[in-house]
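So the protein lines, in turn, are chains A and B. Converting from the first sequence to our numbering requires adding 625 to each position, the first position being numbered 1. Converting from the second sequence to our numbering requires adding 12 to each position, the first position being numbered 1. Even glycine gets a Cβ: it sits at the ideal position worked out from N, Cα and C. Just so you know, these numbers come straight off a predicted model, no measurement behind them. Scroll down for the structure; my scribbles are underneath it.
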Amino acid sequence: ETGVTQTPRHLVMGMTNKKSLKCEQHLGHNAMYWYKQSAKKPLELMFVYNFKEQTENNSVPSRFSPECPNSSHLFLHLHTLQPEDSALYLCASSQLPLSGVTDTQYFGPGTRLTVL
Amino acid sequence: AQKVTQAQTEISVVEKEDVTLDCVYETRDTTYYLFWYKQPPSGELVFLIRRNSFDEQNEISGRYSWNFQKSTSSFNFTITASQVVDSAVYFCALSEGQIQGAQKLVFGQGTRLTINP
Numbered sequence: 626e627t628g629v630t631q632t633p634r635h636l637v638m639g640m641t642n643k644k645s646l647k648c649e650q651h652l653g654h655n656a657m658y659w660y661k662q663s664a665k666k667p668l669e670l671m672f673v674y675n676f677k678e679q680t681e682n683n684s685v686p687s688r689f690s691p692e693c694p695n696s697s698h699l700f701l702h703l704h705t706l707q708p709e710d711s712a713l714y715l716c717a718s719s720q721l722p723l724s725g726v727t728d729t730q731y732f733g734p735g736t737r738l739t740v741l
Numbered sequence: 013a014q015k016v017t018q019a020q021t022e023i024s025v026v027e028k029e030d031v032t033l034d035c036v037y038e039t040r041d042t043t044y045y046l047f048w049y050k051q052p053p054s055g056e057l058v059f060l061i062r063r064n065s066f067d068e069q070n071e072i073s074g075r076y077s078w079n080f081q082k083s084t085s086s087f088n089f090t091i092t093a094s095q096v097v098d099s100a101v102y103f104c105a106l107s108e109g110q111i112q113g114a115q116k117l118v119f120g121q122g123t124r125l126t127i128n129p
């Protein structure tokens, strides 16, 4: 496997279900990100992890729960979602900025989530 | 606050035509980075280019070229002799330089480019 992988690629769930999205990066990066891409909104940053520590939570509802057990893996646990949570969820990774120099974020293929 | 505007929601051209995708940004910082990503129907965002605020040289990569102009806060993307495989949604993004913590990317709304045979 190379780059950033995400599973599953497609997920349909009911509002009472609990599911998890998985992301794995094979680039040796130390920062990972979750983004949400809805049909009518720009890409929205949800969570950021540096060295497994969460550093950013852009006011995401608690029904989304991230987990980063190590710098290569990132999960997004989902429970009691709403239909408006249907979207493409993208994972990305990068090296942490050094001395203010920003590194490039590389994205996975995304998980297309449909909440019924 | 940072903002990226891609005023062209959709563009449709015939194959082999040249096409320019516009990107205008707003930031108060003097150090920042600009990116272009391509999102084909498969969904993955594919990195195309990164440019820092101190480097205003234009860049050419094959049929792709980028025109960065700080004076107008623009970072436009031109595809020369377009091909059907160029059909995708293209995103421009802005990141301010970070010393601690991870970077934050602010994306434009994207431009859907359709190349017709």
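Check whether residue i and residue j have beta carbons under 8 Å apart
{"i": "A/Leu699", "j": "A/Tyr660", "result": "no"}
{"i": "B/Pro68", "j": "B/Ile61", "result": "The sequence as given places Glu at residue 68 of chain B; Pro does not occur at that position. It is not a contact, given that the beta carbons lie outside the stated cut-off."}
{"i": "B/Tyr17", "j": "B/Gly120", "result": "Contrary to the premise, residue 17 of chain B reads as Thr rather than Tyr in this sequence. Cβ atoms of B/Thr17 and B/Gly120: closer than 8 Å."}
{"i": "B/Asn128", "j": "B/Ser24", "result": "yes"}
{"i": "A/Lys647", "j": "A/Thr627", "result": "no"}
{"i": "B/Ser85", "j": "B/Tyr37", "result": "yes"}
{"i": "A/Gln720", "j": "A/Ala656", "result": "yes"}
{"i": "A/Met671", "j": "A/Val740", "result": "no"}
{"i": "B/Phe59", "j": "B/Tyr49", "result": "yes"}
{"i": "A/Val629", "j": "A/Tyr731", "result": "yes"}
Residue i, enclosing beta strand (DSSP E) - first and last residue
{"i": "B/Val97", "result": "Note, B/Val97: premise wrong, no beta strand (DSSP E); not H, not E."}
{"i": "A/Pro691", "result": "689-695"}
{"i": "A/Ala717", "result": "712-719"}
{"i": "B/Asn64", "result": "58-64"}
{"i": "A/Lys644", "result": "643-650"}
{"i": "B/Ser86", "result": "86-91"}
{"i": "B/Arg124", "result": "123-128"}
{"i": "B/Phe119", "result": "117-119"}
{"i": "A/Asn655", "result": "Neither: A/Asn655 is in no beta strand (DSSP E) and is coded neither H nor E."}
{"i": "A/Asn682", "result": "678-682"}
{"i": "B/Leu70", "result": "For the record, residue 70 of chain B in the displayed sequence is Asn; it is not Leu. Taken as a continuous stretch (DSSP letters only), B/Asn70 belongs to no beta strand (DSSP E), as it is neither H nor E."}
{"i": "B/Gln81", "result": "76-81"}
{"i": "B/Glu38", "result": "36-38"}
Spatial neighbours of residue i in its chain, beta-carbon cut-off 6 Å, leaving aside the 5 residues before and after
{"i": "A/Glu669", "result": "Lys661"}
{"i": "B/Glu22", "result": "Arg124"}
{"i": "B/Ala13", "result": "none"}
{"i": "B/Ile111", "result": "No answer about B/Ile111 holds up, because its pLDDT of 47 lies below 50 and its placement is not dependable."}
Where residue i meets chain B, residues with beta-carbon distance less than 7 Å
{"i": "A/Phe732", "result": "Glu56, Leu57"}
{"i": "A/Gly735", "result": "Gly55, Glu56"}
{"i": "A/Leu715", "result": "Leu57"}
Partner residues on chain A for residue i, Cβ-Cβ distance less than 7 Å
{"i": "B/Gln121", "result": "Pro667"}
Closer than 7 Å: residue i CB and nearest the ligand FMN heavy atom
{"i": "B/Asn64", "result": "Ligands displayed in this structure: none; no statement on the ligand FMN is therefore possible."}
Proximal residues of chain A, C-beta to C-beta of residue i below 8 Å
{"i": "B/Tyr37", "result": "In chain order: nothing, as chain A lies at least about 13 Å away."}
{"i": "B/Lys116", "result": "Leu670, Val673, Glu681"}
{"i": "B/Ser107", "result": "Thr727"}
{"i": "B/Gln45", "result": "Note that residue 45 of chain B is Tyr in the sequence shown, not Gln. By Cβ distance, chain A contributes Thr727."}
Interface residues of chain A facing residue i [CB-CB closer than 9 Å]
{"i": "B/Arg62", "result": "Thr727, Asp728, Thr729"}
Outcome for residue i when other beta-carbon atoms lying within 10 angstroms are tallied against a minimum of 16
{"i": "A/Thr727", "result": "buried"}
{"i": "A/Leu701", "result": "buried"}
{"i": "B/Gln95", "result": "exposed"}
{"i": "A/Ser684", "result": "exposed"}
{"i": "B/Ser107", "result": "buried"}
{"i": "A/Pro691", "result": "buried"}
{"i": "A/Thr641", "result": "exposed"}
Residue i: contacting residues in chain B (beta-carbon distance under 9 Å)
{"i": "A/Ala712", "result": "Per Cβ cutoff of 9 Å: no residues; A/Ala712 is ~11 Å from chain B at best."}
{"i": "A/Ser663", "result": "Per Cβ cutoff of 9 Å: no residues; A/Ser663 is ~11 Å from chain B at best."}
{"i": "A/Ser684", "result": "Those do not exist, as A/Ser684 stays about 14 Å from chain B at its closest Cβ, beyond 9 Å."}
Contact set for residue i: own chain, Cβ-Cβ below 7 Å, skip 5 residues either direction
{"i": "A/Ala712", "result": "Lys661, Gln662, Ser663, Leu738"}
{"i": "A/Lys644", "result": "Leu636, Met638, Leu703"}
{"i": "B/Arg75", "result": "Ile91, Thr92, Ala93"}
Cross-chain neighbours of residue i in chain B, by beta carbon under 8 Å
{"i": "A/Ser697", "result": "None at all; the shortest Cβ gap to chain B is about 16 Å."}
{"i": "A/Ser719", "result": "Ala114, Gln115"}
Contacting residues, own chain, Cβ-Cβ under 8 Å from residue i (five flanking each side not counted)
{"i": "B/Asp30", "result": "Thr90, Ile91, Thr92, Ala93, Ser94"}
{"i": "A/Lys695", "result": "The sequence given here places Asn at residue 695 of chain A; Lys does not occur at that position. Lys677."}
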